[in-house]
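Each remark here refers to the structure printed beneath this line.
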Amino acid sequence: MSQVNEVLEVDVLCPVSEQSMVVPVSYLFLVGAGLSWLLFRMVHKREIENIQQFETVQNEISTIKESLYKAEAEKMALKIEMEKIICQAVSRETRGTPLSI
1178 MSQVNEVLEV DVLCPVSEQS MVVPVSYLFL VGAGLSWLLF RMVHKREIEN
1228 IQQFETVQNE ISTIKESLYK AEAEKMALKI EMEKIICQAV SRETRGTPLS
1278 I
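This note's numbering puts the first residue of the sequence shown at 1178, with every later residue one more than the last.
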């Protein structure tokens, strides 16, 4: 008899049946899946933007390196031209005057 009373007390305290619990739980899973998908989309969009920014920076670095290479090549060409002019000036100077040792 005490078992029957316990069962009745449990039924009175928890009148919710298993069938009525299925709907709220399924809504909970549906909302959770929707929120997960939304979070994934936001993170994915942010990552795509980061990748695009990285590619832009890489292109700028490449352009800067190319400009530096061209500037270095021009510097070397000017240095060679300057040395050539100096050598010609020294050569003319030594031809016009005898060497003094």
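Think of the CB as a built atom: it goes at the ideal place given N, C-alpha and C, for glycine as much as any other residue.
{"Asked": "Other residues of its chain near residue 1223: CB distance less than 6 Å, five sequence neighbours each side excluded", "Found": "none"}
{"Asked": "Cα-Cα separation between residue 1208 and residue 1226, rounded to whole angstroms", "Found": "27 Å"}
{"Asked": "Span separating the alpha-carbon of residue 1216 from that of residue 1238", "Found": "33 Å"}
{"Asked": "Beta-carbon proximity list for residue 1241, same chain, < 8 Å, skipping 5 on both sides", "Found": "none"}
{"Asked": "Rounded C-alpha distance that separates residue 1254 from residue 1221", "Found": "49 Å"}
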